[in-house]
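The structure under discussion appears below in the form of structure tokens.
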Amino acid sequence: MSYLFRNEAPDHDELVLFISAAALCHRVAYAAVQDVTQHGAVGDGSTNDAWNLPGFHRFLDPQAFEKAWDEACNADESSTLLIPAGKTFLVHPLSFNGPCKASKVEIQVLGNVVAPTDKDAWGHCTNWITIQKIDNLAVSGTGGFNAQGDNWWHGPLKKACKHPPTSLHFDGCNGLTISGIHSKDSPKNHFIARCNNVTVSNIEITAPEKSPNTDGIDVSSSTDVHVRDSQIGTGDDCIAINNQCSNIQITGVHCGPGHGISVGSLGKNGADVAVEHILVQHCTLTGTENGARIKTCGYARNITYKNITLDDVNNPIIINQHYEGKHDSLLGQDTALEISNVTFSGFTGTSHDNHAITLDCTPEGQGCTGLVIEDVTITTASGGTPEASCTNAHGTARNTSPPVGCLSEGQPFFDRGRLW
């Protein structure tokens, strides 16, 4: 019903119908910004702003965050889900699911989002917030997430839980950017899985030094991931690059406390475990249990750590091919236990004790090959003499203190692939 080419004015009933239809079309098209408070979120820190009905009823009555997400995800063009400043939103476990109709979606976090302290409110206990199958997603802002993990670290697990839940889990998100936000006290880790073309920048992740298994960022089955200019201090690895990862860059990250920046994997089937083309550069480690660490029972190759600053770090440089004894099940699988073409360059600073460089490769087969250690100056915070130790490690060392005389001279592989 169009009045564009009519000379006469519409009567009252026609005008009401036209206005109602226009309003309906506007609602179907969805607004560009979906503020969770406009969908019923209270933001008082005590009202569940995700769901207010237990059990299967939740799937029949989505609440504020889910309503806002549904409209943002189904927008015709780009859209934003807004978590506004000045409020604290109690959110029980939830999922933001794709794929989305919107060409690009931003989750703008300006307020604070907190998890329930009651373990019974966590349901299946796998993840707190799951974000999956969403391409071209941006998560940004000056606000953050507090998963309130203390109860999980010190109390008994729920019967339905095999382990504490992950705080933020990104799965199958391509073209993902995460920037500016902070995350505190995850019960376990933060996870990026099956994601390609990811940039993480200017974020902060914190958990107490003694909190168990609270990895800052775990990356798995992902390619082209860049983490930069961020602060991470937890009770486990600041960053762990796990199985089936390639083309990963870590730049300008301050790590500590924690277990260092680790490369490797703990998969049970060595043939399915691979980590390659990794660059860690311009990072600072303070008071960590490890520095640059490769821990694997699979293969890891074409890895570079360079320009790393150390401050009172245990095990500043360490390769551990016997991590938790898991290499034993892979004996006889030559490629499954391969560490090759690894460079440690430009390390300066202090080790907590005498163990400055440890290259502990499996005694079976070739061990570690194509290692390069150069321009390394490590002293001890205690004033002792730093040491290097090796087992079946092959490569070259240049301009290192301590000297790495235990490294067997050997030519790196000619087929080194793409190097950084």
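Each residue of the sequence shown is one higher than the last, beginning at -5 in this note's numbering. Don't be surprised by glycine CBs; every beta carbon is placed ideally from N, CA and C.
Rounded straight-line distance, which links the Cα of residue j to that of residue i
i, j, result
"A268", "G258", "8 Å"
"H349", "S195", "32 Å"
"S334", "P251", "29 Å"
"N309", "I244", "19 Å"
"N68", "A58", "16 Å"
"Y293", "I101", "37 Å"
"D179", "G137", "15 Å"
"S345", "V133", "37 Å"
"N296", "L401", "18 Å"
"S177", "G399", "43 Å"
"N42", "Q32", "15 Å"
"V192", "H184", "14 Å"
"T280", "E71", "44 Å"
"E381", "P397", "8 Å"
"A286", "A35", "44 Å"
"E270", "G227", "25 Å"
"C291", "S256", "13 Å"
"T329", "S240", "Interpretation of T329 is limited by its pLDDT of 46, a score under 50 that renders its predicted location unreliable; the figure taken from the coordinates is listed afterwards. Cα to Cα, T329 sits roughly 17 Å from S240."
"I311", "N284", "7 Å"
"V221", "Q275", "11 Å"
"I128", "W63", "12 Å"
"C119", "F83", "20 Å"
"T278", "T160", "26 Å"
"D305", "I351", "15 Å"
"T200", "T374", "27 Å"
Close beta carbons around residue i, own chain, < 6 Å, minus the five adjacent residues each side
i, result
"Y87", "One point to set straight first is that residue 87 is Pro, not Tyr, in the sequence displayed. Answer for P87: W116, G117 and W122, listed in chain order."
"S205", "W147 and G229"
"L353", "I313, C384 and A387"
"P158", "W146, P181 and K182"
"V366", "T337, G389 and T390"
"Q225", "E198 and H248"
"N130", "K98 and G169"
"A79", "L104 and G105"
"I242", "V219, I235 and I272"
"S395", "T371"
"L76", "V27, D29 and Q102"
"S73", "A26, A66, A96 and V99"
"S339", "K300, E368 and D369"
"G92", "K127 and I128"
"N207", "K182 and D230"
CB of residue i within 7 Å of CB of residue j, strictly
i, j, result
"D223", "N190", "no"
"R392", "E358", "no"
"I288", "F341", "no"
"S173", "T124", "no"
"G149", "K81", "no"
Anticipated Cβ contact below 8 Å, residue i with residue j, distance rounded
i, j, result
"A187", "A141", "With a Cβ gap of about 18 Å, A187 and A141 do not count as contacting."
"L170", "F139", "The Cβ separation is near 16 Å, so there is no contact."
"C167", "Q126", "7 Å"
Exposed unless 16 or more other CB atoms sit within 10 angstroms - verdict on residue i
i, result
"D112", "exposed"
"G135", "buried"
"K156", "exposed"
"E65", "buried"
"A26", "exposed"
"G143", "buried"
"A154", "exposed"
"G364", "buried"
"D212", "buried"
"G343", "buried"
"S376", "exposed"
"L151", "exposed"
"D165", "buried"
"G39", "exposed"
"A209", "Contrary to the premise, residue 209 reads as Asp rather than Ala in this sequence. Burial call: buried."
Proximal residues to residue i (C-beta, below 7 Å), its chain only, five neighbours per side dropped
i, result
"Q238", "S214, S215 and A268"
"P202", "G229"
"T379", "N348"
"E403", "T390"
Other residues of its chain near residue i: CB distance less than 8 Å, five sequence neighbours each side excluded
i, result
"T282", "C232, C249, G250, P251, G252, H253, G254, V307 and N308"
"G361", "Q315, I333, C355, T385, N386, A387 and H388"
Near the ligand FAD: residue i beta-carbon under 6 Å from a heavy atom
i, result
"S216", "No copy of the ligand FAD appears in this structure; indeed no ligand is present at all."
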